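Asker: Taken in order, these protein sequences are the chains called A and B.
Sequence positions in the first sequence follow the numbering used here and run 0 to 320.
Sequence positions in the second sequence follow the numbering used here and run 0 to 320.
Glycine included, every Cβ here is placed at the ideal spot set by N, Cα and C.
From a predicted model like this one, the values you see are computed outputs, not experimental measurements.
Protein chains: 2
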Amino acid sequence: MCVLPSSAVHDTSLHGEPTGSAYEAYRDELIAAGLLIPLGVRGVYGRSGTFENVIDRFDALVTKHGRALNPVVMRFPPVFARSNYEKIDHINNFPDLMGSVHTFLGDDKQHRQMLGRFEAKEDWTQDLQPAAVMMTPAICYPLYPTVQGKQLPAGGRRVDLQGYAFRHEPSDDPARMQIFRMHEYVRLGTPDEALEHRAYWLDKGQEIFESVGLKTERVLANDPFFGRGGKVQKVMQREQNLKYEFVIPVGNPDKPTAIGSCNYHLDHFGTAFDIRTADGEVAHSACVGFGLERVALALFKTHGLDVADWPAEVRDVLALA
Amino acid sequence: MCVLPSSAVHDTSLHGEPTGSAYEAYRDELIAAGLLIPLGVRGVYGRSGTFENVIDRFDALVTKHGRALNPVVMRFPPVFARSNYEKIDHINNFPDLMGSVHTFLGDDKQHRQMLGRFEAKEDWTQDLQPAAVMMTPAICYPLYPTVQGKQLPAGGRRVDLQGYAFRHEPSDDPARMQIFRMHEYVRLGTPDEALEHRAYWLDKGQEIFESVGLKTERVLANDPFFGRGGKVQKVMQREQNLKYEFVIPVGNPDKPTAIGSCNYHLDHFGTAFDIRTADGEVAHSACVGFGLERVALALFKTHGLDVADWPAEVRDVLALA
Numbered sequence: 000m001c002v003l004p005s006s007a008v009h010d011t012s013l014h015g016e017p018t019g020s021a022y023e024a025y026r027d028e029l030i031a032a033g034l035l036i037p038l039g040v041r042g043v044y045g046r047s048g049t050f051e052n053v054i055d056r057f058d059a060l061v062t063k064h065g066r067a068l069n070p071v072v073m074r075f076p077p078v079f080a081r082s083n084y085e086k087i088d089h090i091n092n093f094p095d096l097m098g099s100v101h102t103f104l105g106d107d108k109q110h111r112q113m114l115g116r117f118e119a120k121e122d123w124t125q126d127l128q129p130a131a132v133m134m135t136p137a138i139c140y141p142l143y144p145t146v147q148g149k150q151l152p153a154g155g156r157r158v159d160l161q162g163y164a165f166r167h168e169p170s171d172d173p174a175r176m177q178i179f180r181m182h183e184y185v186r187l188g189t190p191d192e193a194l195e196h197r198a199y200w201l202d203k204g205q206e207i208f209e210s211v212g213l214k215t216e217r218v219l220a221n222d223p224f225f226g227r228g229g230k231v232q233k234v235m236q237r238e239q240n241l242k243y244e245f246v247i248p249v250g251n252p253d254k255p256t257a258i259g260s261c262n263y264h265l266d267h268f269g270t271a272f273d274i275r276t277a278d279g280e281v282a283h284s285a286c287v288g289f290g291l292e293r294v295a296l297a298l299f300k301t302h303g304l305d306v307a308d309w310p311a312e313v314r315d316v317l318a319l320a
Numbered sequence: 000m001c002v003l004p005s006s007a008v009h010d011t012s013l014h015g016e017p018t019g020s021a022y023e024a025y026r027d028e029l030i031a032a033g034l035l036i037p038l039g040v041r042g043v044y045g046r047s048g049t050f051e052n053v054i055d056r057f058d059a060l061v062t063k064h065g066r067a068l069n070p071v072v073m074r075f076p077p078v079f080a081r082s083n084y085e086k087i088d089h090i091n092n093f094p095d096l097m098g099s100v101h102t103f104l105g106d107d108k109q110h111r112q113m114l115g116r117f118e119a120k121e122d123w124t125q126d127l128q129p130a131a132v133m134m135t136p137a138i139c140y141p142l143y144p145t146v147q148g149k150q151l152p153a154g155g156r157r158v159d160l161q162g163y164a165f166r167h168e169p170s171d172d173p174a175r176m177q178i179f180r181m182h183e184y185v186r187l188g189t190p191d192e193a194l195e196h197r198a199y200w201l202d203k204g205q206e207i208f209e210s211v212g213l214k215t216e217r218v219l220a221n222d223p224f225f226g227r228g229g230k231v232q233k234v235m236q237r238e239q240n241l242k243y244e245f246v247i248p249v250g251n252p253d254k255p256t257a258i259g260s261c262n263y264h265l266d267h268f269g270t271a272f273d274i275r276t277a278d279g280e281v282a283h284s285a286c287v288g289f290g291l292e293r294v295a296l297a298l299f300k301t302h303g304l305d306v307a308d309w310p311a312e313v314r315d316v317l318a319l320a
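Right, dumping it as structure tokens:
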């Protein structure tokens, strides 16, 4: 699965409350410096021009490295088809993270009834209907349906993606946002091609992070599967070595945060959307994801809140004028 | 109000069905050229790297012009606080356009019940609860709560915004997307300052569009207020000259589409969020919005689907390498 970055390491620490104040302290520093703008919901922030510029520059650096692979560039919006959401097991595995978009489809009379409840401060959302879209839970989910029922060319397909993902996970950790951007490279093809892609990015990702002064560690990880049944899936995901994360301390010096990850999906998406390799086999897939807000937060944590004071070589690599 | 771009002109045409096929024809051309990628929901598309690059280059052009005003740069995500949504009358005026985000807050047992309904192909969304966020209906809505209860400096405040807006408005017109980006400049201040901002951008916007070969017309317009009561509000908005749009034929040669607009909000947001001028009066506000996907669609319509064939001066102004 491609719900990134999850950081099981981080999950644990966040639920072991004593460290919570470290996250809040860093969040408050970022707000005081004007880099994040509180919007009244935990894990939902506005960003300053400076914060956004760091994201743009790092994103451009990733693009520069990724271009060598000659990927197809595609961009998807923050919502995707509910009918495709229903094919990818997210409702089984991560129901607590979902964002289902609802709207009002009634007439004038029903509108007056809803406004009556709204004005009485009752739950007015019971009058809404599910729209045809869901929030995108991971940047690569909308990709697979676009090749549904198709056969890939020999060598498979490489795709460059960037966009917003939503995860309903309110937190005081500034690195655990409910809505955030990822830059991803996905490979669809044979098992060997998928694994080669992941191996390439495990090294390339480390190299990119090092080039901007981020000393990340690569660790085996798992996604935050829901509930009691999810425990087994977490163990299986680890035993099969499906997910690796690039971790570095961000909100808490003692507990590293995932700022990127490399995932092998086996034939999960190939089967769900009937995608075939050139040889007619079910396609496998793998992806690397760079968590753009988390990378920016790691850069501010590592090099300081004033971009002008960052090391000259980091400013140079990021082309921060 | 700032629900942009609305194009009442366009509304009318869209509902007068005989012209529908022109929209579908242009949509199908864009898809065949690989510029838009269908995602299984009307008005929700993926974009190619080429399409996205045109958006980026036009966005950079707008930024270059806007920089002269020395605005504060802020960026907001595609969702914002439900508590703030409830203060801006959107539920009264545009309920049919809203996107309310819902999620699953239950335990293992409730999860099994929801999955039972899901597997039986019943409505499983009745098990969801409203999250603390709504889809952002207009790029500038999240801005006003950030200055709630505050007094502006003398001269007011200018803000540069860019981000996604959601409007539940399924359509075959490629220019009427359910989720799209706007680049906005907002001015908060006295009535004179707000009106000066709008007058400035009515000229500057036209100049920017002309510089890329788009011959837009400025027309008085209104937002698509809901229902029978909304008819009065449409007339009032027009009589008070609150909304102007930059229109140009895009999906249909006979019916122009708004690709930008200039709006005077009176004290709507100042009152809703208790924002005061330096003199202690309720702040007024105005904004200009450039509809980035619509501008790209207008450029492709005007100059052709192959960017390499666009006029040299347009490519030059957009810095299309």
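How close, in whole Å, do the beta carbons of G65/B and Y184/B come, if the pair is a contact with beta carbons under 8 Å?
Answerer: Taking the second sequence and counting its residues from 1, the one referred to as residue 65/B is at position 66. Taking the second sequence and counting its residues from 1, the one referred to as residue 184/B is at position 185. Yes, G65/B and Y184/B are in contact; Cβ-Cβ is about 6 Å, under 8 Å.
Asker: In the structure shown, what three-state DSSP assignment does G377/B receive?
Answerer: Here chain B has residues from 0 to 320 only, and residue 377/B is not among them.
Asker: So, does the CB of A174/A fall closer than 9 Å to a CB anywhere in chain B?
Answerer: Position 175 of the first sequence, counting from 1, holds the residue named residue 174/A. Answer no: the Cβ-Cβ gap between A174/A and chain B never drops below 9 Å.
Asker: Going along chain C, which residues have a C-beta under 8 Å from E51/B?
Answerer: Looking for chain C here will not work: the only protein chains present are A and B.
Asker: Straight-line CA distance for G155/A to R237/A?
Answerer: Residue mapping note: residue 155/A aligns to position 156 of the first sequence, counting from 1. Residue mapping note: residue 237/A aligns to position 238 of the first sequence, counting from 1. Taking the straight line from one Cα to the other gives about 26 Å.
Asker: Could you check what DSSP says for P73/B in three-state terms: helix, strand or coil?
Answerer: Within the second sequence, numbered from 1, the residue matching residue 73/B stands at position 74. Note that residue 73/B is Met in the sequence shown, not Pro. Strand, per DSSP.
Asker: Is it right to say M235/A is buried, meaning 16 or more other beta carbons lie within 10 angstroms of its own, or is it exposed?
Answerer: Against the first sequence, residue 235/A aligns to sequence position 236. By the neighbour-count rule (16 or more Cβ atoms within 10 Å), M235/A is not buried but exposed.
Asker: Measuring straight from C-alpha to C-alpha, what distance separates A311/B and M181/B?
Answerer: Counted from its first residue, the second sequence places residue 311/B at position 312. Counted from its first residue, the second sequence places residue 181/B at position 182. Roughly 26 Å between the two C-alpha positions.
Asker: Starting from the beta carbon of P141/A, find every residue of chain B whose beta carbon is closer than 7 Å, and list them in chain order.
Answerer: Translated into positions along the first sequence, residue 141/A becomes position 142. Simply L38, G45.
Asker: From the DSSP output, which residues share a beta bridge with A164/B?
Answerer: In the second sequence, the residue the question calls residue 164/B occupies position 165. A164/B pairs with F179/B.
Asker: May I ask whether a heavy atom of the ligand GDP can be found less than 8 Å away from the beta carbon of Q125/A?
Answerer: Looking at this structure, you won't find the ligand GDP or any other ligand, since it has none at all.
Asker: Unbroken alpha helix (DSSP H) runs of length 4 or more, entirely within the segment 236-295 of chain B: which are they?
Answerer: With a minimum length of 4 residues, the continuous alpha helix (DSSP H) runs that stay inside the segment 236-295 of chain B are 267-271.
Asker: Which of the three DSSP states is assigned to Q147/B in this structure?
Answerer: By one-based count along the second sequence, residue 147/B stands at place 148. Note: Q147/B maps to coil in three-state DSSP.
Asker: Where does the unbroken beta strand (DSSP E) through Q125/B begin, and where does it stop?
Answerer: Mapped onto the second sequence, residue 125/B falls at position 126. Element bounds for Q125/B: n/a, residue is neither H nor E.
Asker: Which chain A residues sit within Cβ distance under 8 Å of Y163/B?
Answerer: What you label residue 163/B is simply residue 164 of the second sequence in a count that begins at 1. Result: P76, P77, Y163.
Asker: Give the residues from the segment 107-137 of chain B that approach chain A closer than 8 Å (Cβ to any Cβ), ordered along the chain.
Answerer: Taking 8 Å as the Cβ-Cβ cut-off against chain A, the residues of the segment 107-137 of chain B that qualify are D107, H110, M113, L114, F117, D122, W123, T124, L127, P129, A130, A131, V132, M134.
Asker: Could you confirm whether any beta carbon from chain A is found closer than 9 Å to the beta carbon of R26/B?
Answerer: The residue given as residue 26/B occupies position 27 in the second sequence. By this cut-off, R26/B is not an interface position.
Asker: Where does T321/B sit, in a helix, a strand or coil, going by DSSP?
Answerer: Nothing about residue 321/B can be reported from this structure: the residues present for chain B run from 0 to 320 only.
Asker: Look at Q177/A and R41/A and say whether their C-beta atoms are less than 9 Å apart.
Answerer: Locating residue 177/A in the first sequence gives position 178, where the first residue counts as 1. Locating residue 41/A in the first sequence gives position 42, where the first residue counts as 1. In contact: Q177/A and R41/A (Cβ atoms closer than 9 Å).
Asker: Judging by CA-CA distance, which residue of Q147/B, V287/B, M133/B is the nearest neighbour of H167/B?
Answerer: As a working note, residue 167/B is residue 168 in the second sequence. For the residues Q147/B, V287/B, M133/B, the minimum Cα distance to H167/B belongs to M133/B.
Asker: Whose C-alpha, out of I54/B, H283/B, K254/B, is nearest the C-alpha of S20/B?
Answerer: Counted from its first residue, the second sequence places residue 20/B at position 21. It is K254/B.
Asker: If you measure from the beta carbon of A318/A to each beta carbon in chain B, is any gap under 9 Å?
Answerer: Locating residue 318/A in the first sequence gives position 319, counting from the first residue. Output row for A318/A: interface = no.
Asker: Just reading off the beta strand (DSSP E) that F79/A is part of, what are its end residues?
Answerer: Locating residue 79/A in the first sequence gives position 80, where the first residue counts as 1. Run containing F79/A: 78-80, per the beta strand (DSSP E) assignment.
Asker: Assuming P144/A contacts G48/B (C-beta within less than 8 Å), just tell me the rounded distance between them.
Answerer: One-based indexing of the first sequence puts residue 144/A at position 145. One-based indexing of the second sequence puts residue 48/B at position 49. With a Cβ gap of about 19 Å, P144/A and G48/B do not count as contacting.
Asker: Going by DSSP, what residue range makes up the beta strand (DSSP E) through V397/A?
Answerer: Residue numbering for chain A in the displayed model covers 0 to 320; residue 397/A lies beyond these limits and cannot be assessed.
Asker: How long is the line joining the alpha carbons of R314/B and P70/B, rounded to whole angstroms?
Answerer: Along the second sequence, one-based indexing puts residue 314/B at 315. Along the second sequence, one-based indexing puts residue 70/B at 71. Going by the C-alpha atoms only, they are around 27 Å apart.
Asker: For S284/A and L187/A, which I take to be in contact (beta-carbon distance under 8 Å), what is that distance rounded to the nearest angstrom?
Answerer: As a first step, residue 284/A is located in the first sequence; it is residue number 285 there, counting from the start. As a first step, residue 187/A is located in the first sequence; it is residue number 188 there, counting from the start. Indeed they touch by this definition, with Cβ atoms about 5 Å apart.
Asker: Output yes or no for whether 9 Å exceeds the beta carbon distance between F289/B and G204/B.
Answerer: Position 290 of the second sequence, counting from 1, holds the residue named residue 289/B. Position 205 of the second sequence, counting from 1, holds the residue named residue 204/B. Contact: yes.
Asker: Mind listing the chain A neighbours of R227/B? Cutoff is C-beta to C-beta under 7 Å, in chain order.
Answerer: Locating residue 227/B in the second sequence gives position 228, where the first residue counts as 1. Within 7 Å Cβ-Cβ: D107.
Asker: Bridge partners for R157/A per DSSP, in chain order?
Answerer: To locate residue 157/A, count along the first sequence from 1; it is residue 158. Answer is R186/A, bridged to R157/A.
Asker: Please list, in chain order, the chain A residues whose beta carbon lies closer than 7 Å to that of T323/B.
Answerer: It is not possible to answer for residue 323/B, since the shown part of chain B is limited to 0 through 320.
Asker: Can you say whether N262/A is buried or exposed, counting buried as having 16 or more other CB atoms within 10 angstroms of its CB?
Answerer: In the first sequence, counting from the first residue as 1, residue 262/A sits at position 263. Buried: at least 16 other Cβ atoms inside 10 Å.
Asker: Grab the span of the alpha helix (DSSP H) containing V313/A for me, first residue to last.
Answerer: Locating residue 313/A in the first sequence gives position 314, where the first residue counts as 1. Start and end: 311-316.
Asker: State the DSSP-derived secondary structure class of K300/A, mapped to helix, strand or coil.
Answerer: To locate residue 300/A, count along the first sequence from 1; it is residue 301. Helix, per DSSP.
Asker: Could you pull out every residue in the same chain whose Cβ sits closer than 6 Å to the Cβ of H89/B, ignoring the five residues on either side in sequence?
Answerer: Against the second sequence, residue 89/B aligns to sequence position 90. Contacts found: P136.
Asker: Distance check for D222/A and A131/B, CA to CA, integer angstroms please.
Answerer: What you label residue 131/B is simply residue 132 of the second sequence in a count that begins at 1. What you label residue 222/A is simply residue 223 of the first sequence in a count that begins at 1. Approximately 24 Å, taken between the alpha carbons.
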